[in-house]
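Asks: Quick one: the structure is below, questions incoming.
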């Protein structure tokens with residue numbers, strides 16, 4: 098075996114830097130936007146679930162705060178010259194029920210995600226895994242049907258976790274039981290109230306000085322769907338930390354001496370998404386008309402208060418990313434061209450449609466009225482329909498909508514930005530988009546190891562997607578958390594992960 102990646106790194110590299118003289122003890126009170134959407138990590142794609150459970154489970158490999166791949170449950174790995182066989186060597190780790198993490202659990206977990214019966218939205222992450230076997234208790238060998246450049250990135254995704262085989266077999270799924278190997282063990286979940294974790298004393302991770310992680314005695318996640326309530330809670334000290342600081346309150350909290358704001362631009366995208374199987378959005382001219390009519394700059398200024406995001410200059414891939422493009426035919430708003438396209442499509446007098454959005458996340462809710470106003474200028478009436486995230490997301494995943502405002506976060510590889518939403522048979526292609534050329538290019542991008550050649554492929558993919566306009570690309574969110582001054586050691590991850598809780602501590 099060659100290209101060996103034996104990485105004798107500590108968890109301090111996996112989750113961030115070590116902080117001086119951390120204190121042990123204390124329960125972090127975290128204010129969250131919404132409840133998890135299911136507790137089984139393999140069958141949900143909800144960021145809310147990931148945010149609360151990624152520190153109860155572990156992945157084979159991990160990202161650190163610089164988005165470098167580092168060891169997780171696999172302390173080392175290697176690949177064959179042709180990239181078709183990968184060997185992972187497991188560390189000594191224990192599940193929360195006291196059973197050891199074994200190679201059989203790894204095999205079971207990857208096969209469970211792949212299994213169509215599981216209905217995992219990420220089954221495509223491991224579609225090219227031809228076989229996976231445990232050659233002994235601590236060694237896993239994965240054989241691929243073809244080279245697959247994003248493999249390690251997908252193994253590091255926070256919901257592609259390793260679960261105990263015996264627990265799944267006993268309970269059937271993981272919706273009512275949470276048993277991982279991460280630094281915090283599950284205690285309870287009371288819907289619309291709280292989710293509670295406690296420190297796992299036998300966690301394998303240590304900091305740079307060899308001290309056992311985590312430092313916190315536990316985390317209590319309390320739900321504040323009202324963004325104003327979340328801001329008030331951090332200002333008054335009712336919580337120690339909050340996620341998703343509302344765009345309207347970023348500057349307010351930055352000026353508050355009792356609060357520290359952390360974050361910035363993150364790996365994500367937000368877009369208007371058409372169900373292209375539904376008329377009139379099966380007509381590319383209608384979709385292009387929307388793209389010309391919508392003023393994304395006004396969305397950012399009016400709905401995001403100028404602080405909540407940056408303009409999507411190309412597609413899903415943020416500007417500055419090696420694989421991004423920075424040109425779009427819709428870069429400048431053109432209302433006249435939008436009207437011409439609608440007339441060509443037979444809708445010179447406009448039409449009415451249901452604009453389905455979530456009431457839960459302000460950055461997915463507040464742009465709707467700006468977009469509604471934009472479309473009114475071309476004679477199109479958007480009937481805004483709002484529902485809570487726990488109802489909204491399953492409805493969108495069932496493709497039961499005409500037009501919605503959604504996005505995704507946590508991407509590190511261009512495959513996650515592009516294949517995941519746009520490949521014709523992807524489980525995350527909720528909008529029924531199908532294009533043979535896009536499929537061909539996306540498959541080629543998965544196989545190509547050379548970054549420059551890969552970039553050429555993804556540039557062509559994005560140009561084709563812009564032409565066909567299954568989405569109107571609006572902005573990339575800036576994501577901020579805020580905490581009280583006694584919260585130390587928490588790091589912002591650009592992929593929006595909360596793995597920083599593993600090194601967080603509370604000062605006296």
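Numbering (this note's numbering), first residue to last: 98 to 605. C-beta atoms are modelled at their ideal positions from N, C-alpha and C, and glycine is treated no differently. Please read all numbers here as calculations on a predicted model, not as lab measurements.
1) Can you tell me which residues form a DSSP beta bridge with residue 434?
2) Assuming contact is defined by CB atoms lying nearer than 9 Å, are residue 593 and residue 363 in contact in what I supplied?
3) Taking its Cβ as the centre, do 16 or more other Cβ atoms sit within 10 Å of residue 507, making it buried, or is it exposed?
4) For residue 461, report the span of its alpha helix (DSSP H) as first-last.
5) Within the continuous beta strand (DSSP E) that includes residue 126, where are the two ends?
6) Counting only runs that start and end within the segment 227-283, where is the beta strand (DSSP E) found for 3 or more residues in a row?
7) Let me make sure I understand the geometry here. Which of 526, 575, 529, 513 has the alpha-carbon closest to that of residue 555?
8) Would you kindly check if the distance between the Cβ of residue 127 and the Cβ of residue 350 is under 9 Å?
9) Tell me where the alpha helix (DSSP H) around residue 495 begins and ends.
10) Output needed for residue 228: all residues of its chain with C-beta closer than 7 Å, excluding positions within five of it in sequence on either side, in chain order.
11) Would you kindly check if the distance between the Cβ of residue 271 and the Cβ of residue 260 is under 9 Å?
12) Around the C-beta of residue 99, are 16 or more other C-beta atoms found within 10 angstroms, so that it is buried, or is it exposed?
13) Please list the segments of the beta strand (DSSP E) lying wholly inside the segment 314-368, counting only runs of 3 or more residues, in order along the chain.
14) Residue 451 to residue 375, Cα distance in whole Å?
15) Using C-beta distances below 8 Å, list every residue in its chain close to residue 557, excluding the 5 sequence neighbours before and after it, in chain order.
16) Identify, in the order they occur along the chain, each residue of the same chain with its Cβ nearer than 7 Å to the Cβ of residue 216, setting aside the five sequence neighbours on each side.
17) What number of angstroms, rounded off, separates the C-alpha of residue 91 from the C-alpha of residue 257?
18) Pick from 211, 348, 186: whose alpha carbon is nearest that of residue 199?
19) With a 10 Å radius around its C-beta and 16 neighbouring C-beta atoms as the bar for buried, classify residue 573 as buried or exposed.
20) List the endpoints of the continuous alpha helix (DSSP H) containing residue 592.
Replies: Judging by the given coordinates:
1) Answer is none; residue 434 lacks a bridge partner.
2) Going by C-beta atoms, residue 593 is nearer than 9 Å to residue 363.
3) It is buried - the Cβ of residue 507 has at least 16 other Cβ atoms within 10 Å.
4) Here the alpha helix (DSSP H) through residue 461 covers 459-462.
5) It spans 124-129 - the beta strand (DSSP E) in which residue 126 sits, taken as one unbroken run.
6) If only uninterrupted beta strand (DSSP E) runs of at least 3 residues are considered, those enclosed by the segment 227-283 are 236-241.
7) If we check each option's Cα against that of residue 555, 513 comes out closest.
8) No, the Cβ-Cβ distance between residue 350 and residue 127 is not below 9 Å.
9) Here residue 495 belongs to no alpha helix (DSSP H), and DSSP marks it neither H nor E.
10) Hits under 7 Å: 240.
11) At a Cβ-Cβ threshold of 9 Å, residue 260 and residue 271 count as neighbours.
12) Confidence at residue 99 is low in this model, with a pLDDT of 38, below 50, so its placement is unreliable and no value can be given for it.
13) List check, beta strand (DSSP E) in window: 315-320, 357-362.
14) Using only the alpha carbons, I get a separation of about 11 Å.
15) 538.
16) Hits under 7 Å: 140.
17) With the chain covering only 98 through 605, there is no way to say anything about residue 91.
18) The residue with the shortest Cα to Cα distance from residue 199 is 186.
19) Buried, by the Cβ-count rule.
20) Per DSSP, residue 592 lies in no alpha helix (DSSP H) segment and is marked neither H nor E.
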